[in-house]
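Here the structure comes first, spelled out in structure tokens, and everything after it is commentary.
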Amino acid sequence: MKTDIPPNPRKKPVNCLRQITAVMLLAATMFFPERGHAQIDIEKLVVRENIHCQDIAISATKLIPALHQDNKIDTLYALLYYWDLNCGLAEPLLRFYLLDQIEYNRFDDTFYPDQILTFLEDFRKSTSFENPNFYLDYYAWEYYEVDSTYSAFSKNLALYLQRYSDLQPIELFFLEYYSHDFDRAMERLKSGELAGTRLDSLYNAKIEIAKKAKRVFINLYGGLWKPNGDLALLGSHPEIGFGGGFIQQGFLMELIFKIGFGPSPNYYEVVVDNLGYRTKSFTNVHVSGRIGLVPIDINRHQLLLSVGLGYEGIQAFSTTEQEEEGLSRMISSASFSPGVEFRFPVSEASYLGLNFRYNFLNFSTRRNETPLNGNALMFGISWGFDDQ
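So the sequence shown is numbered by this note's numbering: it starts at 38 and just counts up by one.
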């Protein structure tokens with residue numbers, strides 16, 4: 038028995054299934070004393086004519102806090118058994134099972150289902166709903182309502198049980214999680230503190246499956262295009278863009294589109310229809326595909342090494358000049374761009390990336406045009422979303 042609070046006077050749960058029926062009848066008598074020894078079953082306790090699990094859920098979650106508070110343990114276990122028998126293991130039911138095991142110092146690491154991480158994640162999501170008093174029923178595959186008092190009851194019970202001094206790390210995990218301290222609980226799991234438990238094994242198996250799965254991502258990009266050689270005449274320019282791709286088993290594939298903009302600090306000469314023009318206009322277009330490797334991928338902290346191959350063009354005239362004067366000159370080059378990216382998780386579904394690339398270019402200029410030999414360094418920040 039835990040030591041921080043006075044000993045709990047409650048009885049041990051009924052283990053023999055034969056005794057459940059008797060307990061149910063006893064419970065009915067306790068709830069309806071005016072009927073004496075009339076046989077009233079659990080179905081009438083949840084006020085039912087026909088069994089529907091959504092009705093059982095809302096009735097049971099209303100009764101559980103009251104039975105727990107009144108110390109009517111036999112009735113409580115009969116009710117839990119009835120709900121489980123008729124509807125399967127619902128998340129609110131599993132939640133109370135685990136808290137009850139911890140309260141009675143009989144936590145069983147083999148008790149919870151293999152899908153425990155899914156149960157936990159669905160519970161976490163439900164707490165962010167505008168109305169959190171719902172859970173996902175996996176048999177009907179729809180959301181069922183629970184009594185409005187149940188969430189606060191389970192949270193307060195989990196907080197209260199943290200007062201015990203002899204809690205195991207696995208027990209602390211569930212108490213923190215069900216008291217809505219999700220990040221702290223998951224950090225305990227991710228750190229390896231629960232090594233040797235079944236939950237740790239299930240989590241590591243899930244991680245291995247996730248590593249083999251295709252993880253799709255999209256991102257927005259902002260950075261700087263900084264040329265060298267003769268190309269440095271055009272100056273450095275900000276660029277924005279977007280991309281998307283996937284990572285699977287350490288292999289990366291990505292498509293990128295970017296635009297650089299801003300006037301050149303210096304004039305450069307171009308030829309259109311055999312006539313020369315001096316211009317400072319600059320618009321850079323970059324389209325490429327990339328392949329690469331992800332040698333480091335730890336808790337969504339990733340190192341990406343890749344090479345890109347694509348097209349890069351410089352438009353020497355502004356949109357106004359193109360529309361009003363009919364002037365257009367796109368100076369083109371193939372693009373080969375090896376680079377590195379570091380990604381850091383920002384939330385469960387988003388990340389920030391630091392990008393560094395060296396872009397080998399070979400812009401083809403005509404006779405009487407300003408030579409634009411040189412390459413460019415590109416570095417910037419990406420903000421992305423993934424399905425990890």
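Glycine included, C-beta positions come from ideal geometry on N, C-alpha and C.
From residue i to residue j, what distance separates their C-alpha atoms?
| i | j | result |
| --- | --- | --- |
| Asp-146 | Asn-392 | 44 Å |
| Ser-273 | Phe-400 | 16 Å |
| Asn-405 | Val-383 | 51 Å |
| Phe-166 | Leu-342 | 39 Å |
| Ser-325 | Asp-218 | 43 Å |
| Met-223 | Glu-213 | 9 Å |
| Glu-245 | Asn-265 | 44 Å |
| Phe-354 | Lys-248 | 47 Å |
| Asn-412 | Leu-268 | 7 Å |
| Asn-336 | Lys-227 | 8 Å |
| Lys-317 | Glu-360 | 17 Å |
| Ile-93 | Glu-208 | 28 Å |
| Trp-120 | Arg-252 | 38 Å |
| Leu-398 | Met-367 | 15 Å |
| Gln-138 | Thr-98 | 18 Å |
| Thr-407 | Gly-313 | 10 Å |
Taking residue i as the reference, give the member of the options with the closest Cα.
| i | options | result |
| --- | --- | --- |
| Arg-394 | Glu-385, Arg-404 and Ile-418 | Ile-418 |
| Leu-409 | Lys-317, Leu-271 and Asn-168 | Leu-271 |
| Met-290 | Pro-382, Leu-154 and Leu-330 | Leu-330 |
| Leu-210 | Leu-268, His-89 and Arg-235 | Here residue 210 turns out to be Phe, not Leu, going by the sequence shown. Phe-210 has its Cα closest to that of Arg-235, out of Leu-268, His-89 and Arg-235. |
| Leu-113 | Leu-104, Asp-121, Tyr-119 and Trp-120 | Leu-104 |
| Glu-128 | Phe-144, Thr-155 and Glu-361 | Thr-155 |
| Tyr-201 | Lys-249, Tyr-141 and Ser-191 | Tyr-141 |
| Gly-260 | Glu-361, Gly-287, Asp-174 and Asn-321 | Asn-321 |
| Leu-346 | Arg-252, Asn-396, Leu-204 and Phe-279 | Asn-396 |
| Arg-161 | Ile-110, Leu-198 and Asp-220 | Asp-220 |
Note down, in chain order, each residue of its chain lying with its Cβ closer than 6 Å to the Cβ of residue i, except the 5 sequence neighbours on either side.
| i | result |
| --- | --- |
| Glu-71 | With a pLDDT of only 39 at Glu-71, under 50, the local geometry of the prediction cannot be trusted, and the value read off the model is given with reservation. No residues qualify anywhere along the chain. |
| Asp-237 | Leu-231 |
| Phe-254 | Gly-421 and Asp-423 |
Might you give, ordered along the chain, the residues of its own chain that have their beta carbon closer than 7 Å to the beta carbon of residue i, omitting 5 neighbours on each side?
| i | result |
| --- | --- |
| Leu-194 | Leu-136 |
| Ser-163 | Pro-169, Phe-171 and Tyr-172 |
In chain order, what residues of the same chain lie with their CB nearer than 8 Å to the CB of residue i, ignoring the 5 residues before and after it?
| i | result |
| --- | --- |
| Ile-95 | Tyr-181, Glu-182, Val-183 and Asp-184 |
| Asn-170 | Glu-182, Val-183, Asp-184, Ser-185, Tyr-187 and Ser-188 |
| Glu-179 | Leu-173 |
| Leu-239 | Asp-151, Ile-153 and Leu-154 |
Flag residue i as yes when its Cβ comes closer than 7 Å to any non-hydrogen atom of the ligand MN, and as no otherwise.
| i | result |
| --- | --- |
| Ser-191 | As far as ligands go, the structure on display features none, and thus does not contain the ligand MN. |
Can you have a look at residue i and say buried or exposed, based on whether 16 or more other CB atoms are within 10 angstroms of its CB?
| i | result |
| --- | --- |
| Arg-380 | buried |
| Gln-106 | exposed |
| Leu-131 | buried |
| Leu-122 | exposed |
| Ser-365 | exposed |
My parser needs the alpha helix (DSSP H) runs of 4 or more residues fully inside the segment 202-268; what are they? 206-215, 219-227 and 235-249, all fully within the segment 202-268.
Taking only runs that begin and end inside the segment 350-403, name each unbroken beta strand (DSSP E) of 3 or more residues, in chain order. DSSP runs (the beta strand (DSSP E)) wholly in the segment 350-403: 367-382 and 387-396.
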